[in-house]
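In my numbering, the protein residues as written are 431 to 1245. These notes are about the structure you will find just below.
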């Protein structure tokens, strides 16, 4: 409960004032007016990963082109500010179109491209460039987003995890957190990768076991692109039961030192990049919350405090590249009047902790056919949570909720790619991971009075008026190892058919389990713009560390098993830079962890307690249909529409209820997201160009309603009501409880709907580039319910709402 209320309070405190923006901006107004920029990048073979010499990068509207050198590098420019569509071609490869590449002032824009080898017989078809890129080894349910799409995604607050929530397969338990819930799964089933480093939870105020938090640690300014797979991914991805979110960072600028500042919901930050030595570059960023510095609040209001930093060093020598990544975040918040404001049992709620991840990746090319990727990494999450009443604490009574846990992992991964013939490829690898976990957690229901179960009457009688602890806290420190390997391939038996077979082998020493996970996907190109795809996969996910140690019987808890089948069709329309896809899926869960107290009788006292002992006998399933349409931004308009219809069901295992299926916790049933965007550039108009060239204009740009480029976008989102089980208040004992014969998840929250609006302005003044943005979350101020709180001793439930009408804004200044 403490963590949920924490996220709600965090957002209510964040306000960004224009006066603060102005003060910071004026300090940085040092630049010369130059009106030419350039575009650089590297073009590589998506199959082999090797640079492509002789590839062509061009700007058709400017009749400007550049051919890549032996290192696959190209350069376009000088070019005046504006937005351009880039075309990339090479004989034997499918052409690719990159829309809306924006050049601001005397800046350098980096655009790296992966070209896919031709596999169709070109004598019978006309190949046109597509703006949509699919990961070569992900056949179905996958999307690729570049940096610009992430940054300007309405409602996402420049957060890489929130950015994918506009897709049809993704939902979230609340807009207060950035968790990724896919096709009715539970939080924590998403695999998050950053440059091949697995990070369990890369967020400020991370929620244990969920993979989500309040604000992402990943700086979007350092991101090149992300690839998202909603299910049945290729065999090289394992350890999670649902989706994959793979973030690729760009390399730093190798020609000059650049930098800037950014101000937003993540605080005040600074970033820099540039060359280190020949063949090496760096990127570094840091951010710090600023509310405790620039704002004045009443002493009773909680102010979140957090800071973070991120860095990357990349060094290339010949056919070898080494990358070093690091990320760290620290956070804390104290709510001193939580009982009155939020309905918690304790008066004080505290949350803190830290997150770190670091790693070294070495990628080597051994000739034209073989490459290897080796990664050494270490990650950790520290969780510190308390919910207590000072009076009880002084009397030596325990906290209502306490979590002081540290979870760490050290990983070695080795992957080899072998190009067989043409685009056919064999991929295999191995991994070993050491898990270190120190779990110290307790959650005590407050019954207000101490009752004992009378064995002869089966009733409860009062003993004293003191608060009582009815569960035993657990503290455990241990280590274990995860290990395994995979074998996969990307094959084209015919020019119109791609098949991606594979399997994984995984083991875990703690519960002594071994698993084999087959994967198979295929794409049939019925026409140049029409693909029919299908996929099947088995995915395993080990229990969370705190679950394994919460009871001695949990040491043998098995991993949950998810079996997924997917089929879909996708049509691309190149003249409109758009695509339409329809997918259906069926997913079955086995070995889900279930509270063992559900298997007991319906004694009165058992209604008020929960057991930490879990049994892996739960069964679930989800199935549904998803529709997705998207138009890329070309000249003025962009947009997307995503609809999902789904059923999520779990099988009741309680005595007397066996075989009854009930709605899952995230059975939203209907989900709909509509986004739209309009942009206008004024640099083509002489009147604005004259205004732009005025020496005083940069100093008032943050107040100007017009800009070099303006973009207005929105996101409209609807979700059916989420199921929940309504407890019963036992007035005699002043306790909320659930009868063992009560039906599960038969109540639903009201439907969720929200309209988010974003307005963005961009300027370029020589070496100085600026982005100002303003967002309004929940523009219509709809009172969406996050959850109900049932506090013992209070016969009326409390309601916690999601974000109200919430204005937020920020700026990004680069120079």
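Beta carbons are placed, not taken as given, at the ideal position from N, Cα and C, and that holds for glycine.
Does the Cβ of residue i have 16 or more other Cβ atoms within 10 Å, making it buried, or fewer, making it exposed?
i            : result
residue 493  : exposed
residue 1210 : exposed
residue 1136 : exposed
residue 1130 : exposed
residue 815  : buried
residue 1062 : buried
residue 453  : Per-residue confidence for residue 453 stands at a pLDDT of 41, beneath the threshold of 50, marking its modelled position as unreliable; the derived number appears in the next sentence. Residue 453 is exposed by the Cβ-count criterion.
residue 1115 : exposed
residue 586  : buried
residue 940  : buried
residue 568  : buried
residue 911  : exposed
residue 1009 : buried
residue 476  : buried
Just verifying my parser: in three-state terms, what is the DSSP assignment at residue i?
i            : result
residue 781  : strand
residue 997  : strand
residue 1245 : coil
residue 665  : coil
residue 984  : helix
residue 1135 : coil
residue 730  : Annotation note: pLDDT 41 at residue 730 (below 50); position unreliable, coordinate value reported separately. Residue 730: coil per DSSP, three-state reduction.
residue 650  : helix
residue 1238 : strand
residue 792  : strand
residue 969  : strand
residue 959  : coil
residue 566  : coil
residue 1176 : coil
residue 636  : coil
residue 1164 : coil
residue 883  : Caution applies to residue 883, whose pLDDT of 40 falls short of 50 and renders its modelled position unreliable; the model cannot decide the point.
residue 609  : coil
residue 907  : strand
residue 1004 : helix
residue 770  : helix
residue 1199 : strand
residue 1207 : strand
Could you round the C-beta distance between residue i and residue j to whole angstroms and report it? I think they count as a contact, below 8 Å.
i            : j            : result
residue 1082 : residue 1174 : 6 Å
residue 936  : residue 639  : With a Cβ gap of about 19 Å, residue 936 and residue 639 do not count as contacting.
residue 952  : residue 927  : 7 Å
residue 1101 : residue 601  : 6 Å
residue 656  : residue 633  : In fact, because the Cβ distance is near 15 Å, the residues do not count as touching under 8 Å.
residue 1241 : residue 693  : 5 Å
residue 1067 : residue 614  : With 8 Å as the limit, residue 1067 and residue 614 do not qualify as a contact, their Cβ atoms being about 33 Å apart.
Ends of the alpha helix (DSSP H) at residue i?
i            : result
residue 578  : 577 to 581
residue 820  : 820 to 824
residue 1117 : 1116 to 1122
residue 976  : 975 to 979
residue 1129 : 1127 to 1130
residue 590  : 590 to 593
So residue i is in the beta strand (DSSP E); what residue range does that whole segment cover?
i            : result
residue 1100 : 1100 to 1111
residue 520  : Counting along the chain, residue 520 falls outside any beta strand (DSSP E), and DSSP gives it neither H nor E.
residue 702  : 697 to 705
residue 873  : 855 to 873
residue 676  : 673 to 679
residue 711  : 710 to 718
residue 1025 : 1008 to 1025
residue 622  : 620 to 624
residue 848  : 831 to 849
residue 799  : Note, residue 799: premise wrong, no beta strand (DSSP E); not H, not E.
residue 1193 : 1182 to 1195
residue 1219 : 1215 to 1219
residue 691  : 688 to 694
residue 1225 : Unbroken run through residue 1225: none, as it is neither H nor E.
residue 543  : 543 to 545
For this session: Entirely within the region 1028 to 1092 and at least 3 residues each: give me those beta strand (DSSP E) ranges in chain order.
Result: 1044 to 1061 and 1067 to 1081
For this session: Report the residue ranges of all alpha helix (DSSP H) runs contained in full by the region 732 to 767; include only those spanning at least 4 residues, in chain order.
Result: none
For this session: Let me know the beta strand (DSSP E) ranges lying completely inside the region 917 to 957, each 3 residues or longer, listed in chain order.
Result: 927 to 938 and 943 to 957
For this session: Any chance you could list the beta strand (DSSP E) runs of at least 3 consecutive residues sitting entirely within the region 462 to 533, in chain order?
Result: 467 to 475, 486 to 489, 494 to 497, 503 to 509, 512 to 519 and 526 to 533
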